[in-house]
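Let me begin by presenting the structure, written as structure tokens, before commenting on it.
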Amino acid sequence: MHATDFERRGFTAGVREGFIAFLPVSVGLIPWALVVGMAMTSAGFSPLQAMGMNIIVFAGTAQLGTLPLIADNAPLWLILATGLALNLRFLIFSAGIAPGFRGIGTGWRWLCGHFLTDGSFAVCYDKLMQVDDPRWRLGYYVITGAWSWLLWQTFALIGIFAAGIVPKSWSLEFMATIALIVLLVPMAKSRPMLVAAIVGGGGAVMLRGMPLRLGVVTAICLGIAAGFAAEHWQEKKTA
Amino acid sequence: MNYDASLWLIFILLGLATTLPRASFIVLGNRFSLPPTLQRALRYAPAAALAAIVVPDIVVVSGQIDPVNPKLAAGIAAILVAMRWRNPWLPFIVGMAVLLGLKALLPA
């Protein structure tokens, strides 16, 4: 065992270095926030309702994914099940990054959990595993979350008001569908992921006649099973 | 469309459905971990869920599968652009241009 290269540098140093590392990544949040803001207005939310959702939920994919269901008066459990399914990846991210919070108190951990996004996970993971000083790690991580939060709220607010002045015939609500496509495309790069997406998407079309929109949840479960099966099959083939 | 107070209940429950999975293991620390098989299976949940929302939206028009409609063409255009370029704005520009262009050309 050798000591890490990093000395004790404290919270402020962590904040500074985290911000520099995260800034370029965070630019990608701007179109998302604008689109989510516009989509919430297109779904008929007032600016107060839209900002309420944006602050309480703070999850672009879950917001975009549940908006059509909310606008469609879908049952509450279906909205929640869909939101949970779209957030399940964070269970895995959370399990992965958890060792990075060694030596940090429970209150901070809740805040850090709330701040966990794809971008923060990607930028912080290695550093959180390598650095010893808990205060440096906390600063490095928290600034990525706080900066994401600020960008997310600011640009969603701009999107909310931008959508209000755009005519209905521009079909802005379709931007939400494009946003989901943009999230889906890089996910579906591996063969098993593509299988999960095709079965999930095809299943939802085939099962659309099921009552209470049960077809969506059934299709998601089928997609997960198909992706998992495809992964096993692929491993057997290469083994 | 008008929404009543139950909308706020939806927001709060969705907020829990967001924060609890994210905070789960960060807050629990090393006291608990998911079985590896379940972790691997759950990786497919986001892709399956996104596709289950997107595909019906672009393929089904008033309850029927419609393989020739402006939304599907725009969706395919957005997929191709997203596969080819990293620019985060381009799929929106191209997708919306195809949708609005086709709607203008083919009055329903």
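Those protein sequences? They're chains A and B, same order as listed.
Heads up, the final residue of the first sequence is numbered 239 in my numbering, and it's a clean run with no missing numbers.
Heads up, the final residue of the second sequence is numbered 1108 in my numbering, and it's a clean run with no missing numbers.
All C-beta atoms in this analysis are idealised placements derived from N, C-alpha and C, irrespective of residue type, glycine included.
Rounded to whole angstroms, A:A81 and A:I220 show a C-alpha spacing of 10 angstroms. The C-beta distance from B:A1052 to A:G14 rounds to 40 angstroms, too long to fall under 8 angstroms, and the pair is not in contact. Three or more Cβ pairs closer than 8 angstroms define a contact, and the segment 94-114 of chain A meets that threshold against the segment 1023-1036 of chain B. Looking only at A:H232, A:G202, A:L184, A:L207, the smallest Cα-Cα distance to A:P192 is reached by A:H232.
Straight across, the Cα-Cα distance linking A:R208 with B:N1087 is about 33 angstroms. DSSP, reduced to helix, strand and coil, places A:V35 within a helical segment of the structure shown. The Cβ of A:S94 sits closer than 9 angstroms to at least one Cβ of chain B. Ranked by Cα distance from A:T218, the first of A:N87, A:G200, A:S171 is A:G200. The distance from the Cβ of B:V1098 to that of B:A1073 is about 6 angstroms, consistent with a contact at the 8 angstroms cut-off.
Across the segment 1005-1025 of chain B, CB contacts with chain A closer than 7 angstroms involve L1007, W1008, I1010, F1011, I1012, L1013, L1014, G1015, A1017, T1018, T1019, P1021, R1022, A1023, S1024, F1025, in sequence order along the chain.
Its Cα nearest to that of B:V1094, the residue B:L1080 stands out among B:L1009, B:D1066, B:L1080.
Between A:A21 and A:A43 a beta carbon distance of about 35 angstroms is seen, past the 8 angstroms cut, so the two are scored as non-contacting.
Nearest to A:V123 by C-alpha distance, out of A:V182, A:S148, A:K168, is A:S148. Beyond the five residues adjoining it in sequence on each side, A:A188 comes within less than 7 angstroms, by CB distance, of L194, A197 in the same chain, given in chain order. Annotated three-state conformation of A:V123 is helix, per DSSP.
Fewer than three pairs of CB atoms, one per stretch, sit closer than 8 angstroms, so the segment 1043-1058 of chain B makes no contact with the segment 127-143 of chain A. Between A:L128 and A:R137 a beta carbon distance of about 5 angstroms is seen, short of the 8 angstroms cut, so the two are scored as contacting. B:P1036: member of the alpha helix (DSSP H) spanning 1036-1042, first to last residue. Counting along the chain, B:K1071 sits inside the alpha helix (DSSP H) bounded by residues 1070-1084. By a beta-carbon distance limit of 8 angstroms, A:I79 contacts A:L69. Their separation comes to about 5 angstroms. Here A:V27 carries a coil assignment [DSSP, helix/strand/coil].
The shortest C-alpha to C-alpha distance from A:A225 to any of B:G1075, B:L1090, B:L1042 is the one to B:L1042. Ranking A:F228, A:F93, A:N54 by CA distance to the CA of A:S190 puts A:F228 first. Taking 9 angstroms as the threshold, the shortest C-beta distance from B:V1068 to chain A does not fall below it.
Per DSSP, reduced to three states, the secondary structure at B:I1065 is strand. When DSSP states are grouped into helix, strand and coil, B:V1060 belongs to the strand group. Interface residue (Cβ-Cβ distance to chain B less than 9 angstroms): A:M129 is not classified as such.
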